[in-house]
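**Q** Structure incoming, see below.
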Amino acid sequence: MVEATGLRKAYRKQVVLDGIDLRVPEATVFALLGPNGAGKTTTVQILSTLIRPDGGTVRVAGHDLAAEPDRIRAAIGVTGQFSAVDPLLTGAENLRLMTDLRHLGRVEGRRVVDDLLARFDLTDAADKPVAAYSGGMKRRLDLAMTLVGRPRLIFLDEPTTGLDPRSRRAMWQIVRELVTGGVTIFLTTQYLEEADQLADRVALLDGGHLVAEGSPAELKRRVPGGHVRLHFTEPAQLAAAAGLFPAATRHDDDLTLRVPGDGGVSAVKDLLGRLDAAGVAVESMSLHTPDLDDVFLALTGHRTEEKVNP
Amino acid sequence: MSTLAHTVGDSATMLRRNLKHAIRYPSLTAVVIALPVIFLLLFVYVFGGTLGDGLGGVAGGRSAYVDYVTPGILLLAMTGAAQGTAISVAMDMTEGIVARFRTMSIARAAVLTGHVVGAVTQTLLGLVVVVGVALLVGFRPDAGPAQWLAAAGLLTLTAFAITWLSVALGMVPKSVESASNLPMPLMLLPFLGSGFVPTDSMPGWLAWFAEHQPFTPIMETLRGLLLAGPVDGGDALAAVAWCAGVSLLGYLWARRLYDRDPSR
């Protein structure tokens, strides 16, 4: 659905994208993950025909970006980072604007507007000016407007930034439903959890380079750090347990033992069984699986929330 | 549907959007109409008596000046409206919705055409108000139906030209504040032409500019039509040529500005 090779973009001397390759298969969710300033929005702007790349070849929805941008525009929907709604119109009028521009016709247009208002829980606010909407309502209207005309590929640029947890989960649910319906989603986010929750494939963008790509599980596997942490009340018990697991790291100061492992149920059962058999008393235990934050730190040397200053 | 049908349909959709904005937030329109009305009253009641005597006609005085100054005030009204247009275009370009339009398969010129047709409509409505006030304060045109029609046609052409230019001017700067300043010099043109006093009363170098700038042939032709006086063929031709030229230039410039990358 999206194929980009050697994508480059610079503003004056500042290189924003330094030759990135992307491939997004149909009906999947692709997440572009990275800190502020990594080039995520620029990537979306290029792929959605808003700005022109300096170099590289791009095909979106089967059409060449340079040759047939209008064919691409007919196949995509974009929900940008800044709300793309008309604040001076009402919610219903905003949607009517979209049905008119997609040339749906009067009857079909009205049906689509009513459907989307209901689906996005905006029926009661339909005739209020958008300027009076809350942030979550604006974001829902924004996405509803994007869905008019049933685009096959939808770009979501940081769709949940600034939303409360409830609205964020609602947005995730909508994304999942869209994918079930065969829509391809190209998502950017700075939230690792979001990529983890939604994406089939994740690419990590940092300073204009792709530093890693794969499924969330694959990326996590590339990074060590999964372990079971055992807490003890007595040094003797800690010593006994450490004897059982030679690969473990022992912390005498807080009486804990880190046993490497993926945190799977059978591994934990096995571990507890061996402790039990040896008569070692464990006060408590906790599981640590590597998350994408660990991946990011391991691959780039900094965490996602840090701003990259070149 | 054909490309042309799409262009017309999309432009009509954008026009509806702009007219809704104008109806719901009429303050900008009101200011744009109030300004020429204030100038009209100022020039008729404060300066009119003296300036009218200086026209050198048989009647002279305030009543002669109302007839003389009204075409100038109409042009002044258009330049005021141009400022309003530049402001609303500049504001619109900062909205996320225009970025959305750019990523949709809609006729490329539709966003701009919607602005232009909306602004021309508003401008012409504003001119009707100004003419109404002028009639109330003593403007006595002698034009017959054909001359009124010709005058309306010329005013529409002029509004079209000024509007395309101001749409382009609205997109030149990044900020709305600068966009509101750019069309300002246009407001001086009726003064630096035959709008308020005959050009032969000016010093030589200024008279030369006043006679060769685009507003003078437009105002002279309007004056001739409305007062049923003689219309100079050369003036009329120059007026239409200026309008066509500025329209084309404004259109091409605006399209070019709209097509450039929106990011800085």
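Read top to bottom, the protein sequences are chains F and E. Take the first sequence: its position 132, counting from 1, is numbered 133 in my numbering, and each next residue is one higher. Take the second sequence: its position 38, counting from 1, is numbered 310 in my numbering, and each next residue is one higher. Built from N, CA and C at the ideal position, the CB exists for glycine as well. Computed from a prediction, not measured in an experiment: that's the story for all the values here.
Have a look at F:R275 and F:A213 and give me their C-alpha separation to the nearest angstrom.
**A** Cα-Cα distance, rounded: 38 Å.
**Q** Let me know the alpha helix (DSSP H) ranges lying completely inside the stretch 121 to 203 of chain F, each 4 residues or longer, listed in chain order.
**A** Here the runs fully enclosed are 136 to 148, 166 to 181, 193 to 199.
**Q** Consider the Cβ of F:V86: report whether some Cβ of chain E lies at a distance smaller than 8 Å.
**A** Answer yes: the Cβ-Cβ gap between F:V86 and chain E drops below 8 Å somewhere.
**Q** With a threshold of 7 Å on Cβ separation, who are the neighbours of F:I52 within its own chain once the five nearest residues in sequence on each side are excluded?
**A** Answer for F:I52: Q46, listed in chain order.
**Q** Does chain E have any CB closer than 8 Å to the CB of F:R170?
**A** Chain E, which has no Cβ nearer than 8 Å to the Cβ of F:R170, makes this no.
**Q** Hey, out of E:L458, E:F487, E:R289, whose CA is closest to E:D364's CA?
**A** Ranking the options by Cα distance to E:D364, first place goes to E:R289.
**Q** Using a Cβ-Cβ distance under 8 Å, would E:A371 count as near chain F?
**A** With 8 Å as the cut-off, E:A371 counts as an interface residue toward chain F.
**Q** Exposed or buried, what is F:G302 when buried is set at 16 or more other beta-carbons lying within 10 Å of its beta-carbon?
**A** Burial call: exposed.
**Q** For F:Y12, does the three-state DSSP call read helix, strand or coil?
**A** Here F:Y12 sits in strand by DSSP.
**Q** Roughly how many angstroms separate the alpha carbons of F:A249 and F:L188, rounded to a whole number?
**A** Cα to Cα, F:A249 sits roughly 39 Å from F:L188.
**Q** F:L298 by DSSP, collapsed to three states: which one?
**A** Note: F:L298 maps to helix in three-state DSSP.
**Q** What does DSSP give as the partner residue(s) for F:V59 in the beta ladder?
**A** Looking at the DSSP assignment, F:V59 forms a beta bridge with F:A5.
**Q** Quick check: F:A11 and F:G57, are their CB atoms within less than 8 Å of each other?
**A** Cβ distance not < 8 Å, so F:A11 and F:G57 don't count as in contact.
**Q** Under the DSSP definition of a beta bridge, which residues are partnered with F:F31?
**A** F:F31 pairs with F:F187, F:R202.
**Q** Taking the beta carbon of E:Y310 as the centre, do at least 16 other beta carbons fall within 10 Å, making it buried, or is it exposed?
**A** The sequence given here has Ile at residue 310 of chain E, not Tyr. E:I310 comes out exposed.
**Q** I'd like to check one pair, E:G398 with E:A358: are the Cβ atoms closer than 8 Å?
**A** No, they are not a contact pair.
**Q** F:E358 lies in the beta strand (DSSP E); which residues open and close that run?
**A** Absent from the model: residue 358 of chain F. The displayed extent of chain F is 2 to 311, so no value can be given.
**Q** Whole angstroms is fine: what's the gap from F:T50's alpha carbon to F:L193's?
**A** C-alpha separation (whole angstroms): 27 Å.
**Q** Whose CA, out of E:G390, E:L461, E:A423, lies closest to the CA of E:T301?
**A** Cα-wise, what sits closest to E:T301 is E:G390.
**Q** Any contact between the stretch 24 to 40 of chain F and the stretch 200 to 212 of chain F? By contact I mean 3 or more CB pairs, one from each, below 8 Å.
**A** Because the criterion of three Cβ pairs below 8 Å is met, the stretch 24 to 40 of chain F and the stretch 200 to 212 of chain F touch.
**Q** Applying a beta-carbon distance threshold of less than 7 Å, which residues of chain F neighbour E:I378?
**A** The contacting residues are L102.
**Q** F:S267: buried (16+ other C-beta within 10 angstroms of its C-beta) or exposed?
**A** F:S267 comes out exposed.
**Q** Which residues of chain E have a Cβ atom closer than 8 Å to the Cβ of F:D71, listed in chain order?
**A** Result: S377.
**Q** So which residues on chain F does E:H293 lean against when the C-beta distance must stay under 9 Å?
**A** The answer, in chain order, is D87, L89, L90.
**Q** Please report the straight-line C-alpha distance between F:G215 and F:L205, rounded to a whole angstrom.
**A** Using only the alpha carbons, I get a separation of about 9 Å.
**Q** Is the stretch 372 to 381 of chain E in contact with the stretch 277 to 292 of chain E, if contact means three or more CB pairs nearer than 8 Å?
**A** Result yes; three or more Cβ-Cβ pairs closer than 8 Å.
**Q** Provide the residue(s) that pair with F:V25 in DSSP beta bridges, ordered along the chain.
**A** Answer is F:V3, bridged to F:V25.
**Q** Beta carbons nearer than 8 Å to chain F: which residues of the stretch 493 to 505 of chain E have them?
**A** Result list empty, no residue passes.
**Q** Give the residues of chain F in contact with E:G281, contact being defined as C-beta atoms less than 8 Å apart.
**A** Residues of chain F passing the Cβ test: D101, H104.
**Q** Check whether the stretch 137 to 153 of chain F and the stretch 169 to 184 of chain F are in contact - that is, three or more C-beta pairs closer than 8 Å.
**A** Verdict: yes, contact present.
**Q** Of all the options E:A354, E:F373, E:Y340, E:S360, which has the alpha carbon lying nearest to the alpha carbon of F:G78?
**A** It is E:F373.
**Q** Does E:S335 come out as helix, strand or coil in the three-state DSSP assignment?
**A** Helix.
**Q** Residues of chain E with CB closer than 7 Å to the CB of F:V79, please, in chain order.
**A** Ordered by position in chain E, the residues that pass the 7 Å Cβ test against F:V79 are R372, T375.
**Q** Figure out for me which residue from F:R153, F:E195, F:T100 has the closest Cα to the Cα of F:I186.
**A** F:I186 has its Cα closest to that of F:R153, out of F:R153, F:E195, F:T100.
**Q** Among E:L347, E:S377, E:T366, E:W480, whose alpha-carbon lies nearest the alpha-carbon of E:A423?
**A** Minimum Cα distance to E:A423 is reached at E:L347.
**Q** Which of the residues in the stretch 45 to 70 of chain F, read from start to end, lie with their CB under 8 Å from any CB of chain E?
**A** Listed by position along the chain: Q46, S49, T50, L51, I52, R53.
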